[in-house]
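Comments concern the structure below.
2 protein chains.
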Amino acid sequence: MIFHYKDRRRSVRVEDVAYEAGVSPITVSRALSSPDLVKPETRERVMRAVERLGYVVNTYASSLRSGRSTIVSMFVSGIANPHTNAVMRGCAEVMEARGFHLMVTQVDSLDTLKAEQVNAVQPLRPAALVFVGTVNSPELREVIVERDVPVMEMWDLIDDPIDMLVGFCHRDGGRQMGRHFAEQGFRHPVYAGRTTGRGADRLEGFTEALAGAGLKPVAVPVTEPVSFAAGHQALLAAVAKEPKCDAIFFSNDILAIGASMYAATDPALARIALAGFGDIVFSGQLPVPLTTVRTSGRDVGRRAGEMLLRRLGGEAIAERIVACESLLQVRASTALRLPAKS
Amino acid sequence: MIFHYKDRRRSVRVEDVAYEAGVSPITVSRALSSPDLVKPETRERVMRAVERLGYVVNTYASSLRSGRSTIVSMFVSGIANPHTNAVMRGCAEVMEARGFHLMVTQVDSLDTLKAEQVNAVQPLRPAALVFVGTVNSPELREVIVERDVPVMEMWDLIDDPIDMLVGFCHRDGGRQMGRHFAEQGFRHPVYAGRTTGRGADRLEGFTEALAGAGLKPVAVPVTEPVSFAAGHQALLAAVAKEPKCDAIFFSNDILAIGASMYAATDPALARIALAGFGDIVFSGQLPVPLTTVRTSGRDVGRRAGEMLLRRLGGEAIAERIVACESLLQVRASTALRLPAKS
DNA sequence: ATGAAAGCGCTAACAG
DNA sequence: CTGTTAGCGCTTTCAT
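Sequences listed follow chains F and C, in order.
Just so we're aligned, residue 1 is where the first sequence starts under my numbering, counting upward by one.
Just so we're aligned, residue 1 is where the second sequence starts under my numbering, counting upward by one.
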């Protein structure tokens, strides 16, 4: 650890800028962080000096003195998931524009997140903790609460977030799909996917909407990790459990795409309408484009970021739980098919 | 911005720990950061006091005084890309274990990366700059060099990295695939994908290996963004350009998977052997599992992290360019098929 | 192996 | 609207 930034280009400090602009150091500080406390003319002079000297604030000194951290710590599992990733981007966009720095810790799962991993960021005294997902372990919730900073959870709408929450109503998404299935006139709908957590919510909404049309979906639980192969298995399980099945709502797009690839090779299966949840980028590109529920992770991230900024600005947040809309994307995969004999 | 960490639980400082352990503050500091400078017994006392009081170092004070930053800034485009993501994880793993914090900035593309985005992290005085990819714009390279910290680029093996580089030999990957195609006895191989940058390298290696068997591949350039649909188009373009085509090497797995999904619906196309590059998780799960070249992003990340740590530790790095191996994964998609008439 | 004194660069608090 | 003074918490430097 031989690198010392001070060794190199001896850093330009507020003092240097102050001298250059003919003002005191504190005026430079104010011109940069609370511009309206400084006369426009003075501000201009300071800014020009900053420019000329290439001054960049030293966060270490600034945060040490002020007791304010510009670092927000985010915990994410599966960054490679496009939805999760969109959430990150949305949140980063909003927060970075206001001078905050997002520090991401990638974890295997929020369910197995260790106190140790949360504590690892403590030396940086993050101004807030953000979780892309919800934290369920009571012990961990306690560790987090003890940090005594604003906390944002995301994605699933639960009833008792640690502090703030922005998420989707998965039940509503399921409901939209149920209505669509009813309108299409499917007679033997199947739900395939998780039947716990958000999966349960999607299934409930789906069931609810179908009940309006006098239908009751058969549920095929998928417990293995999400994959194309799991989608294939679920498809087979669905027709085994409900031979007359004419439409399947998969709890996510990956399962649906996996099923669709296998169904394409078998006319007996190809007649079945398929739908997913999430609208990942590939879903619209399939040989038979996939009907799905679009959720905007970016939107979730942005709204979470905005809420956090307000909170960090000292505002009291009345509505600490925000639900984002999801939107049905109807594509060819749920166009009504001919009966089984083809 | 009302949150002041000092307002809350008035923070435990080295001074408090020192008092509790009956030593001076500097001894606490040493016990934590250079344990071998402190007598084991004293160290023990300090550690117990740290434990009892729940002391956590304040990075702002520490970095301010020492001039050493524990933050490493990483620029990534397309975190959702599983390879990129693996690189991040690998690098984070290694560096976090040594007390560094990875600060990730997600960008649209390293080719359009703005100086502004690099400067945005300057207030944190990152100890190093890491790019998952290579930086080509001369202006940007200059901005980066001016930061005067170690720089790591990754993924593509170029000749003139800014500083250090860990990447794959794409040419070697292409060569492996070429040898495999030759061994399988394909007579009319096609390459489909980018024919610039790393794509060109893959193609060159492929061509080189096939030349050994007296074969010359037809190249079908793909210029549009990578997608399933682009893979389909490339497949059609390949058979249009080389009607006798019996095997196609796609420059990445997404293209190959897209092609394979469409090929499954058409017996005339299904006879063509397909291969990809990258071995993403889905490639092994297809109805016809995909032959591809496996590249370990995690490995690249780790090795980059290790190299960086040595450099940050003051070691001189002799070999500043490191090539990681890639490995052919042979699967069913390149099993020899029957001639066209099927 | 340990300690005392000093100061990293900035901004809070108070003054004018 | 601007300035003066002091000190955030730590670790460097020098001393013992």
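Beta carbons are placed, not taken as given, at the ideal position from N, Cα and C, and that holds for glycine.
In the DSSP output, which residue or residues are listed as bridge partners for residue i?
| i | result |
| --- | --- |
| Val17 of chain F | Val17 of chain F pairs with nothing; no bridge assigned. |
| Ile321 of chain C | C:Leu165 |
| Glu153 of chain C | C:Phe131 and C:Leu165 |
| Phe75 of chain F | F:Thr105 and F:Phe131 |
| Ala275 of chain C | C:Phe249 and C:Thr291 |
DSSP state of residue i, grouped into three classes?
| i | result |
| --- | --- |
| Ala80 of chain F | coil |
| Ser342 of chain C | The pLDDT assigned to Ser342 of chain C is 37, lower than 50, so where the model puts this residue is not dependable, and the model offers no usable value. |
| Ala378 of chain C | This structure cannot settle anything about residue 378 of chain C, because the visible part of chain C is limited to 1 through 342. |
| Met1 of chain C | Because the pLDDT at Met1 of chain C is just 27, under 50, the model does not fix this residue reliably, and the value given afterwards should be weighed accordingly. Met1 of chain C: coil per DSSP, three-state reduction. |
| Leu327 of chain C | strand |
| Ser11 of chain F | coil |
| Ile346 of chain F | Summary: the structure shown does not reach residue 346 of chain F, with chain F confined to residues 1 through 342, and so no result is reported for it. |
| Glu51 of chain F | helix |
| Ile26 of chain C | helix |
| Asp159 of chain F | coil |
| Leu286 of chain C | coil |
| Val46 of chain F | helix |
| Val281 of chain C | helix |
| Ala31 of chain C | helix |
| Thr334 of chain C | helix |
| Ala209 of chain F | helix |
| Thr196 of chain C | coil |
| Glu41 of chain C | helix |
| Glu204 of chain F | helix |
| Lys6 of chain F | Here Lys6 of chain F scores only 40 on pLDDT, less than 50, and its place in the model is too uncertain to base an answer on. |
| Ala263 of chain F | helix |
Go to residue i, then tell me how far its beta strand (DSSP E) extends in each direction, as first and last residue.
| i | result |
| --- | --- |
| Ala190 of chain C | The identity of residue 190 of chain C in the sequence shown is Val, whereas the question assumes Ala. First-last of the beta strand (DSSP E) with Val190 of chain C: Pro189 to Gly193. |
What residue range is occupied by the uninterrupted alpha helix (DSSP H) comprising residue i?
| i | result |
| --- | --- |
| Val300 of chain C | Gly297 to Leu312 |
| Val352 of chain F | Residue 352 of chain F cannot be examined here, being either before or after the span of chain F that is shown, 1 to 342. |
| Gly67 of chain C | Counting along the chain, Gly67 of chain C falls outside any alpha helix (DSSP H), and DSSP gives it neither H nor E. |
| Glu315 of chain F | No alpha helix (DSSP H) holds Glu315 of chain F; DSSP gives it neither H nor E. |
| Glu139 of chain F | Pro138 to Arg147 |
| Leu215 of chain F | That residue, Leu215 of chain F, is in no alpha helix (DSSP H); it is neither H nor E in DSSP. |
| Ala240 of chain C | Phe228 to Lys241 |
| Pro267 of chain C | Pro267 to Ala270 |
| Glu183 of chain C | His170 to Gln184 |
List the whole-angstrom C-beta distance separating residue i from residue j, where the pair is believed to meet the contact cut-off of C-beta under 8 Å.
| i | j | result |
| --- | --- | --- |
| Gly99 of chain C | Gly305 of chain C | With a Cβ gap of about 13 Å, Gly99 of chain C and Gly305 of chain C do not count as contacting. |
| Ala323 of chain F | Phe168 of chain F | 7 Å |
| Val135 of chain F | Glu153 of chain F | 6 Å |
| Met74 of chain F | Val130 of chain F | 4 Å |
| Pro126 of chain C | Met103 of chain C | 7 Å |
| Thr70 of chain C | Val76 of chain C | Actually they do not touch by this definition, with Cβ atoms about 20 Å apart. |
| Val23 of chain C | Val57 of chain C | With a Cβ gap of about 16 Å, Val23 of chain C and Val57 of chain C do not count as contacting. |
| Leu269 of chain C | Ala263 of chain C | 4 Å |
Runs of alpha helix (DSSP H) wholly within the stretch 83–124 of chain C (minimum 4 residues, chain order) | 115–119
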